[in-house]
Amino acid sequence: MGKIRYCVMQNNRGTSVFRKSYLNDFIVIAIGVFFIAFFIRAWGDMHGDFNEQNVSAISLDAWNLLYYSLRTSMRFLLGMAWSLLFSVVFAVLAARYTPLRRVILPFVNFMESVPLVGFLTFTTVYFLNLYPHSVMGLECTAIFAVFTGQAWNMMLTLYQTLRIVPKELDEAARSFNYNPWQRFWRLEFIYSVPGLLWNAMVSQSAAWFALVASEAIPVGDRSVELPGVGSYIAEALAQQNVPAILYAIVALAANIVLLDQLVFRPLVRYTARFKYEDVTASRPLGNPWFYNSLAFSHVGAALGRTLRALADLWLFKLPRLWYALGLHRLFRLAAKGNWLWRSLWYLGVVLACIWFGYRLWEYFPKQYFAMLPEWMLLTTARVAAAMLLSVAIFTPLGVWIGMNPRLVKIFQPIIQILAAIPPNIFYPLIAAFIAIYHQDLGWWAIPMIMLGTQWYVLFNVIAGVSAIPTQITEVSESFGLRRFRWWRYYMLPAIFPYIVTGIISAAGGAWNSAIAAEVIQWGSTTLSATGLGAFISVVTDAGKNPESALGCAAMCALVALCIIFVWQPLYRIAETKFKYD
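With the UniProt record's numbering as the guide, the letters of the sequence shown map in order to residues 1 to 581.
Rendered as structure tokens:
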């Protein structure tokens with residue numbers, strides 16, 4: 001894309017100030033018209049008639065990728081919108097109401113550990129019954145896959161930031177006589193927005209992974225392929241068409257770059273004003289080209305006036321109506337029964353565990369019980385090796401980048417784009433290599449799992465290095481720390497909480513990657529490695545729901561054990577031993 005020349009003038013201080021120009025209006029209107037046409041076309045195609053015979057086959061003609069990218073992007077944006085809505089609603093409920101917190105947090109932690117195929121197995125039937133004889137049933141299955149890749153992390157991030165709003169800011173809001181509604185939207189929410197947006201960007205990889213994997217959906221005894229980049233990849237893989245796979249990678253990368261340029265970069269620039277930091281220490285902010293086009297155009301000014309009018313309605317008029325109708329008394333009444341809700345919750349958990357445990361015991365096929373421990377051990381070993389290698393390789397790389405602001409500026413956009421590319425798109429190329437050179441998938445599954453974990457570690461290490469207080473760095477320099485001592489006494493303790501956060505964030509992606517990595521196909525050749533992921537993949541493709549449920553339950557148990565005996569102790573160490581006070 002060529003450089004866009006903007007009309008500028010110099011103010012009295014000698015800095016550049018953008019004028020509103022008709023060139024900016026043209027850019028904004030052109031992009032707006034494109035998005036409207038894109039939405040209308042994709043939305044109409046998502047509501048077509050469906051039966052198992054009238055679904056068109058996927059063509060590997062590269063020009064069809066334009067249309068397939070349109071459909072895939074529509075699913076991604078809808079899944080992201082639902083993830084944001086879920087995050088706001090349930091994070092607020094969990095942060096504000098203790099009885100609901102006891103319900104929501106265990107539920108979200110459990111759902112975060114459920115493998116993607118565990119959702120697809122059962123949600124496909126639900127959505128097909130919800131939208132009978134309509135493509136929307138299959139579309140909802142793919143959209144829900146995007147939701148599962150993002151919603152849990154986004155909700156937990158928003159919940160955590162809502163719980164740590166600085167006390168002085170809360171006192172300032174109360175001194176202005178903000179009601180609870182205004183205090184949330186004018187303080188707590190905007191304080192949380194930068195972290196929520198950053199988490200949404202990091203979670204792109206998991207969302208694209210889920211979407212690409214879910215566009216070929218098993219229905220009955222056959223697989224139905226929705227028009228999209230994921231189904232294009234599946235068809236190219238089945239036909240051993242390497243050029244088509246490369247075309248799909250380019251198309252997916254183009255989607256990610258467009259989303260980054262038109263959505264995330266402008267939002268990051270806009271929400272930078274909400275960061276709670278020392279203004280004198282803040283870094284100068286660059287202006288993305290689309291942000292400039294929108295901010296310095298007549299169309300952008302008109303949109304700003306409209307949004308301010310809506311904000312006035314949302315922040316001031318709706319609360320007055322709420323209090324006028326006396327609806328706030330309902331929450332006060334509900335709060336008086338906290339002991340009752342708490343007792344009912346624990347009773348419900350016990351009864352649900354007993355009932356589900358009994359039903360699952362009857363449902364599970366017993367002949368696999370003897371083999372499960374070995375499969376679980378092998379997959380756990382691969383996941384652990386991938387996580388350790390990610391930390392060992394990408395921690396030094398992240399420190400090197402994070403210590404140089406110029407390198408951060410260069411590499412951060414590149415890393416964001418690479419992280420958003422789902423790792424399973426590279427699996428066919430690895431499958432071809434393994435098949436041609438007769439390699440063992442058992443070992444190659446480890447670097448394939450790493451593709452789904454390494455970016456979380458790298459992102460968080462860079463953020464940790466950038467957040468080290470200047471005075472800590474000066475103290476380390478005064479002691480003359482070098483090499484091993486520099487790492488042991490200065491850098492690793494300083495970034496340890498961020499490394500732990502990166503590992504925990506990467507854990508969910510690692511287990512899903514294990515399912516995809518332990519069984520891969522290249523044309524008529526199927527490569528598999530012994531493990532729990534391979535078992536889940538094989539029985540799910542065969543439509544064996546009891547076996548699939550058993551495998552997913554075993555993986556959930558593994559994740560729960562990791563949370564209890566690994567992640568939580570590491571998190572406590574990070575919070576207590578390696579903390580700036």
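By construction, the Cβ of each residue, glycine as well, lies at the ideal position given by its N, Cα and C atoms.
The structure displayed is predicted, hence computed values, not measured ones.
Give the range of the beta strand (DSSP E) segment to which residue i is assigned.
i, result
"Ser528", "525-528"
So residue i packs on residue j, CB below 8 Å; how close in whole Å?
i, j, result
"Gln182", "Ser83", "Their Cβ separation, rounded to whole angstroms, is 25 Å, which puts Gln182 and Ser83 out of contact at 8 Å."
"Ser513", "Asn153", "Not a contact, Cβ separation roughly 16 Å."
"Leu196", "Ser87", "7 Å"
"Ile256", "Ile417", "6 Å"
"Leu511", "Val383", "It is Trp, not Leu, that sits at residue 511 in the sequence shown. Sure, about 6 Å apart at Cβ, within 8 Å."
"Ile425", "Leu527", "That pair is no contact at about 17 Å."
"Ile446", "Ala386", "5 Å"
What residue range does the alpha helix (DSSP H) around residue i cover?
i, result
"Val28", "22-45"
"Met201", "189-202"
"Leu481", "Counting along the chain, Leu481 falls outside any alpha helix (DSSP H), and DSSP gives it neither H nor E."
"residue 650", "Because the chain here runs from 1 to 581, residue 650 falls outside it and cannot be looked at."
"Gln261", "Neither: Gln261 is in no alpha helix (DSSP H) and is coded neither H nor E."
"Glu168", "167-175"
"Asp541", "532-541"
"Ala236", "229-238"
"Met74", "64-96"
"Ala516", "492-517"
"Gln182", "180-183"
"Pro319", "318-324"
"Phe290", "289-295"
"Thr453", "Careful: Thr453 lies outside any alpha helix (DSSP H) and carries neither H nor E."
"His298", "298-312"
Return the CA-CA distance between residue i and residue j, expressed in angstroms with no decimal places.
i, j, result
"Leu351", "Phe364", "20 Å"
"Leu100", "Trp341", "9 Å"
"Thr576", "Ile503", "18 Å"
"Phe264", "Arg308", "21 Å"
"Glu518", "Thr530", "7 Å"
"residue 602", "Leu158", "A question about residue 602 goes unanswered here, because the residues of the chain that appear run from 1 up to 581."
"Ala419", "Val202", "7 Å"
"Ala81", "Gly357", "34 Å"
"Gly2", "Ser69", "Because the pLDDT of Gly2 is 37, which lies under 50, any placement of that residue in the model is unreliable, and the number read from its coordinates should be weighed accordingly. Gly2 and Ser69: Cα-Cα distance of roughly 23 Å."
"Leu66", "Val212", "16 Å"
"Leu372", "Tyr191", "46 Å"
"Leu162", "Ala95", "7 Å"
"Leu570", "Leu325", "48 Å"
"Ser343", "Cys556", "26 Å"
"Gly508", "Leu187", "31 Å"
"Ala467", "Phe290", "28 Å"
"Met9", "Ser73", "Unreliable positioning characterises Met9 in this predicted model, as indicated by a pLDDT of 33, which lies under 50. The coordinate reading is nonetheless provided below. Cα-Cα distance, rounded: 38 Å."
"Gly304", "Leu105", "37 Å"
"residue 586", "Pro227", "Summary: the structure shown does not reach residue 586, with the chain confined to residues 1 through 581, and so no result is reported for it."
"Ser282", "Asn199", "Caution applies to Ser282, whose pLDDT of 49 falls short of 50 and renders its modelled position unreliable; the value that the coordinates give is listed next. Rounded to the nearest angstrom, the two C-alpha atoms are 21 Å apart."
"Ile421", "Ile249", "8 Å"
"Leu492", "Trp486", "9 Å"
"Glu225", "Val566", "39 Å"
"Leu128", "Phe122", "10 Å"
"Leu93", "Gln240", "49 Å"
"Ala574", "Gln568", "10 Å"
"Thr271", "Ala244", "39 Å"
"Asn404", "Gly464", "13 Å"
"Trp185", "Leu315", "7 Å"
"Ser482", "Gly402", "Position check: residue 482 holds Arg in this sequence, whereas Ser was assumed. If you take the alpha carbons of Arg482 and Gly402, they lie about 18 Å apart."
"Tyr126", "Val399", "47 Å"
Can the beta-carbon of residue i be found closer than 8 Å to that of residue j?
i, j, result
"Val408", "Ile462", "yes"
"Leu252", "Val229", "yes"
"Tyr489", "Asn460", "no"
"Ser205", "Ala216", "no"
"Leu60", "Glu235", "yes"
"Ile58", "Tyr232", "yes"
"Val108", "Met155", "yes"
"Glu547", "Val539", "yes"
"Thr124", "Ala210", "no"
"Arg273", "Asn287", "no"
"Gln454", "Phe496", "no"
Is any beta-carbon of chain D found at less than 8 Å from that of residue i?
i, result
"Lys577", "Considering every chain present, this structure includes no chain D. It has just one protein chain."
When you measure from the CB of residue i to every non-hydrogen atom of the ligand HEM, does any distance come out below 7 Å?
i, result
"Gly402", "Absence of the ligand HEM is noted for the structure shown, with no ligands found whatsoever."
Between the segment 35-47 and the segment 135-144, are three or more C-beta pairs nearer than 8 Å? yes
Touching by the beta-carbon criterion (3+ pairs, under 8 Å), the segment 524-540 and the segment 369-379: yes
State whether the segment 111-123 contacts the segment 552-565, with contact taken as three or more CB pairs (one from each stretch) at a distance under 8 Å. yes
Using 8 Å as the threshold, is the segment 21-33 in touch with the segment 286-298, meaning 3 or more CB pairs across them? yes
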